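Following: one structure in structure tokens, then a few remarks.
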Ligand code: GDP
Ligand code: MG
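Residue numbers (UniProt numbering): 6 to 444.
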């Protein structure tokens, strides 16, 4: 997909303006991209229609960078279709807030119940109670109990002989008595939708009066997930969707279709088997993921505006030879500044969003200005050869740039580390501690 799209974009880039035919060709690529990402055909049709309507307007035709505009429109429309903002759990005015998990077998309901309990505990200091409503496999009850033990969250169970409806009734009673603020009901799933299961879930719904019925779907099931979501919604009226197993390279295009078909918002995504592998859903990130390009296209576009090719080649050569000096540093900083906030740039690199803690990387523009002042206080020779920077020179630079010697030392050390890192990177390996480079 990415390759295809890139080719189409490349063609467009060479032209000054886009014609309607160009838009058409571009849309064809995007349609294929969406289908490859498992988006429902009907949804793709409607979606591309709305994008085309926007794209063929003057907005794109008069634009200086048409390819960029089209991708931007596609991204915006995808984000809109996915639900524009993040929606949390709907709480009950009085405790407990009751959340019921439903979905096919193996979708990740039990795991999600544990993840959610953990999330609520951590973020709201909540005291949830989990109810083991899957009585068809003894292992299912044990699985929930183990999660409960790990999290120090109580699990209410009555074995496999009592009906789930009765278990839920008694569990609710216990929660009211113990004043738990959340009740998480784990239910059984089947391999396929079946009437017996639906009847049971409806009965549980009646007894528990849940504030949320969250449909848990496995991102890897693709198109099938859409039909499943549709029938769960018809029968139970789901209030939200959880997409699990988004940790692999699944595009998660089904998410788009599910949202479209059920109208229910996607609330969380599961990104791994561990209890902490839970993310609040972000429509914009999902949009990029479905298009399969991080925001790489935008990044490439932005970069191309700012760098001319020769400069980039020169940089690559310097990185390799380790002759990247303070002059290059200043040049880089200026270019990077023109490209927008560094945090955004980092997030656009595919794979970077997977790095733990990348969310918290913050780059302070003031710090960059300070660093620039330090470099500007160096002599030409010093900029070209950091090894000249002895203590007395450092003192002079500190005074000249209005920084302390400590700050100057720290910056020089950081610079040398980035130099090393760049050398490693240009040899093709991703160095550890990448985030340190950004302060
Ligand atoms: P249930 O039948 O719906 O209760 O599904 P389970 O919670 O038992 O999960 C089925 C399998 O999927 C288990 O092996 C889980 O560890 C795994 N699983 C659940 N959520 C995720 C996820 O977000 N990512 C990955 N990789 N595995 C998951
Ligand atoms: Mg289960």
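The C-beta atom is built at its ideal place from N, Cα and C for all residues, glycine as well.
Fair warning: this is a prediction, and the values are worked out from it, not measured in the lab.
Which residues DSSP lists as bridging residue i, in chain order
{"i": "residue 190", "result": "105 and 136"}
{"i": "residue 56", "result": "Answer by DSSP bridge pairing: none, since residue 56 is not bridged."}
{"i": "residue 161", "result": "136"}
{"i": "residue 286", "result": "Answer is none; residue 286 lacks a bridge partner."}
{"i": "residue 275", "result": "283"}
{"i": "residue 223", "result": "249"}
{"i": "residue 218", "result": "105"}
Rounded distance between the beta-carbons of residue j and residue i, thought under 8 angstroms
{"i": "residue 109", "j": "residue 233", "result": "6 angstroms"}
{"i": "residue 83", "j": "residue 261", "result": "7 angstroms"}
{"i": "residue 107", "j": "residue 237", "result": "6 angstroms"}
{"i": "residue 231", "j": "residue 117", "result": "With 8 angstroms as the limit, residue 231 and residue 117 do not qualify as a contact, their Cβ atoms being about 19 angstroms apart."}
{"i": "residue 271", "j": "residue 87", "result": "7 angstroms"}
{"i": "residue 189", "j": "residue 145", "result": "Contact doesn't hold; Cβ gap of about 14 angstroms is too wide."}
{"i": "residue 149", "j": "residue 180", "result": "Contact doesn't hold; Cβ gap of about 15 angstroms is too wide."}
{"i": "residue 120", "j": "residue 194", "result": "That belief does not hold up - the Cβ atoms of residue 120 and residue 194 are roughly 17 angstroms apart, past 8 angstroms."}
{"i": "residue 198", "j": "residue 105", "result": "Incorrect: roughly 17 angstroms between the Cβ atoms, too far for contact."}
{"i": "residue 169", "j": "residue 192", "result": "7 angstroms"}
{"i": "residue 244", "j": "residue 95", "result": "7 angstroms"}
{"i": "residue 35", "j": "residue 53", "result": "7 angstroms"}
{"i": "residue 259", "j": "residue 43", "result": "5 angstroms"}
{"i": "residue 172", "j": "residue 136", "result": "6 angstroms"}
{"i": "residue 251", "j": "residue 224", "result": "5 angstroms"}
{"i": "residue 97", "j": "residue 216", "result": "5 angstroms"}
{"i": "residue 175", "j": "residue 45", "result": "The Cβ separation is near 41 angstroms, so there is no contact."}
Any non-hydrogen atom of ligand 2 closer than 7 angstroms to residue i Cβ
{"i": "residue 115", "result": "yes"}
{"i": "residue 2", "result": "Beyond the ends of the chain as shown, which are 6 and 444, falls residue 2; an answer cannot be given."}
{"i": "residue 139", "result": "yes"}
{"i": "residue 191", "result": "yes"}
{"i": "residue 145", "result": "yes"}
Residue i Cβ short of 7 angstroms to ligand 3 heavy atom set
{"i": "residue 230", "result": "As presented, the structure is devoid of ligand 3, carrying ligand 1 and ligand 2 as its sole ligands."}
Distance cut-off 7 angstroms: residue i Cβ against heavy atoms of ligand 1
{"i": "residue 250", "result": "yes"}
{"i": "residue 278", "result": "yes"}
{"i": "residue 110", "result": "yes"}
{"i": "residue 154", "result": "no"}
{"i": "residue 282", "result": "yes"}
{"i": "residue 257", "result": "no"}
{"i": "residue 194", "result": "yes"}
{"i": "residue 275", "result": "yes"}
{"i": "residue 148", "result": "yes"}
* Asked: If you scan the region 395-434 from start to end, which runs of the alpha helix (DSSP H) of 4 or more residues do you find wholly inside it?
  -> 396-406 and 410-431
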